[in-house]
Ligand code: 4NP
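Numbering (this note's numbering), first residue to last: 188 to 336.
So, in structure tokens, the structure goes:
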């Protein structure tokens, strides 16, 4: 299973999602490939936002080695699932990949029990938003792994 997690900047939400999922994948010894990317290239090459780094470390997950990148056209063929943080990301991804891309692109909270169908809110301008983003993403990981069993 190859899973790509996508947000706008690939420095706040999707690096956290990638970190939490990859930690679980490692713990469970699964043969999965995980990655993350941004619909924009605004922060390409940068490490995750320090607030995401801090939130992850609070939960024993180290995301400091990640680097932001923009979504590539080859990602559609390479990944089995492309999981977007919000409805705008989905619109941008469908526009980027073209009309045939629908099936693999999902809202990440489809896999969560308590946040189903909700956007993962952009925490960039909200220092207090990162703990909530972590809670939402932790639930997504549990739901995805349950479904994949
Ligand atoms: P992310 O958050 O999409 O979760 O990485 C953002 C990061 C940067 C910006 C917006 C959102 N920005 O405007 O630079």
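Note that the Cβ used here is the ideal one computed from N, Cα and C, for glycine as well. In this text the structure is predicted, and so the values were computed from the model without any measurement.
Proximity of residue i and residue j at Cβ, strictly below 9 Å
i, j, result
"residue 242", "residue 203", "yes"
"residue 331", "residue 208", "yes"
"residue 328", "residue 211", "yes"
"residue 260", "residue 230", "no"
"residue 309", "residue 316", "yes"
"residue 220", "residue 321", "no"
"residue 238", "residue 314", "yes"
"residue 311", "residue 236", "yes"
beta-carbon residue i near ligand 1 non-hydrogen atom, thresh 8 Å
i, result
"residue 206", "no"
"residue 196", "yes"
"residue 236", "yes"
"residue 230", "yes"
"residue 272", "yes"
"residue 200", "yes"
Candidates the options, of which the one nearest residue i by Cα
i, options, result
"residue 291", "271, 317, 198", "271"
"residue 274", "267, 260, 295", "295"
"residue 323", "220, 201, 197", "201"
"residue 198", "220, 325, 228", "228"
"residue 298", "284, 278, 326", "326"
"residue 224", "311, 288, 320, 280", "280"
"residue 240", "333, 288, 318", "318"
"residue 262", "334, 222, 304, 217", "222"
Cβ-Cβ separation, residue j to residue i (assumed contact under 8 Å), whole Å
i, j, result
"residue 226", "residue 258", "6 Å"
"residue 253", "residue 205", "7 Å"
"residue 267", "residue 192", "About 13 Å; that fails the 8 Å criterion."
Distance cut-off 8 Å: residue i Cβ against heavy atoms of ligand 2
i, result
"residue 319", "Judged by which ligands are present, ligand 2 is missing from the structure shown, whose ligands are ligand 1."
Residues that residue i bridges to, as DSSP identifies them
i, result
"residue 209", "Paired residue(s): none; residue 209 is not in a bridge."
"residue 190", "221, 268"
"residue 257", "225"
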